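Heads up: the structure comes next, in structure tokens.
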Amino acid sequence: MDAGIAKKRKLDVNENNDKGGGGSSDHTSYLHEKNVNHVTLMFGLKEEVGTLARCLKLFEKYNVNLAHIESRPSKRIIGSYEFLVTCEKSSEDVDLVKAIDELHKETSYVHVLSRSHDPNATPNTSPWFPNKMQDIDEFANNILSYGSELDSDHPGFTDTVYRARRKEFADIAFHYKHGKPIPHVKYTEDEIKTWGTIFRKLTELYPTHACREFNHVFPLLVENCGFREDNIPQLQEVSEFLQDCTGFRLRPVAGLLSSRDFLAGLAFRVFHSTQYIRHGSNPMYTPEPDVCHELLGHVPLFADPRFATFSQEIGLASLGAPDEYVEKLATCYWFTVEFGLCRQQGKIKAYGAGLLSSFGELQYCLSDKPEVKSFDPVKTAEQKYPITEFQPIYFLSESFDLAKEKMRAYASTIPRPFTVRYNPYTQSVEVLNKTEQLKDLALDIRGDLNTLIDAMNKVDK
């Protein structure tokens, strides 16, 4: 295996029991994990005197300790307020469940926000998902592997220096919080040498093998972010560049996230990026995503508006989706963002990061050896794939815009009792399940249409 990923970013909901998701209809409940010490309730009050006092008395009645309480304007009932209450959670949930049951009688709606749920055990439940970009802090460290914990077949398994270095990178990610600058890393000469080997080989292929959008952005990264053979770019500088281009940003991560958590980040145009580099003994092989894969494979296209929107569509579709649909969306992600092909000027080009960071597979995918199928989310979502060898099947998109529309159509078939919309002004996800919200959205769209019409009239003159 060469510069591709042998054990690539396998997005599989079964890899981790941590699930993400969030709000829906007024009586949707969300169960909490047993190893988490707090559970958060969000409820709206009926317009009756003494309602809040009666609600708070319920927690006292069932010996539920409150760690935090706050009020805010309700997004569901205009002119009303909702309360956010964080409860301390004991090993037994019986008292808390009883309190929640009675709380439903006293309030207009109740949401129990949690990191996991079991819809078979409790009907009408949906998984929690982040509503604000800073909510990503809640799950960013729920990774499948950490620091120096390497598999026995990893090239760096017996290298104590490499394992210690990996832990340094993991610690940076572990302590990172939203809104903070990503710490600058001083890479060693050996690490830069490994990067340089990969950079040199791949840049030989990009002009003939990569898609047009990739080749348009890559020189800009060379000019603005220090992409060159003798320098490993810093995540903070790259993140600032992406924010200027499309609003995407990087966030350091210590290892692999579950499918649900990783895709939830994309909904906010946040890409979880590793900062460590593969072991130098074999530069053309890595058993997991590393900084070469992230920066050379993913970053260039996140600076393209159409591709950025397409990536975000997959993330938005995952919010609150049932587990089986998260797995299907993860498979669509695999065959597009990671291993996608497109047709440009009658020729097939690569746009997937797993291809653009692999010297060998970038050549293989455009040969006559693999099978190439047209991208259709319904069929693509069911396709099985290997994670330790070149892909035998690739999916071809005619354009990012067409792929985006297909993903939107597919997302509309996902069974969830609400629709979500990303608000770039507040960097939050809005759950659209009330008439007033839809009216506001229609007004926003009308305003955008007026702007479009005005601009077209001026261009025509």
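Sequential numbering from 27 applies to the sequence shown in this note's numbering. Using N, Cα and C, we set each Cβ at its ideal position, and we do this for glycine too. In this text, all values refer to a predicted model and were calculated from it rather than measured experimentally.
Only exposed fits T234, as fewer than 16 other CB atoms lie within 10 angstroms of its CB. Counting only residues of its own chain and dropping the five nearest sequence neighbours on each side, L381 has a CB closer than 7 Å to the CB of F365, E387, L388 and C391. Taking a cut-off of 8 Å on C-beta distances, the segment 396-406 does not touch the segment 449-461, as fewer than three cross pairs fall below it.
The C-beta distance from V352 to L289 rounds to 7 Å, short enough to meet the 8 Å contact threshold.
Annotated three-state conformation of G222 is helix, per DSSP. Here V317 really is in contact with Q301; their C-beta atoms are around 6 Å apart, less than 8 Å. In the DSSP assignment, L276 is bridged to F297. Per DSSP, G205 has no beta bridge partner at all. G291 places its beta carbon less than 8 Å from that of H298. Of all C-beta pairs linking the segment 73-93 to the segment 123-139, three or more are shorter than 8 Å, placing the two stretches in contact. Note on geometry: alpha-carbon atoms of F195 and A280 lie some 7 Å from one another.
Looking only at F225, V211, L247 and V248, the smallest Cα-Cα distance to Q260 is reached by V211. When beta bridges are read from the DSSP output, I303 appears opposite no residue. In this structure, the straight-line span from the alpha carbon of D402 to that of R472 is close to 32 Å. Distance between L464 and R98, taken at the CA atoms: about 20 Å. Of the candidates F69, S383, S425 and L122, S383 places its Cα closest to the Cα of T229.
As computed with DSSP, Q370 is found in a beta bridge with K373. In this structure, I224 keeps its C-beta atom at 8 Å or more from the C-beta atom of P209.
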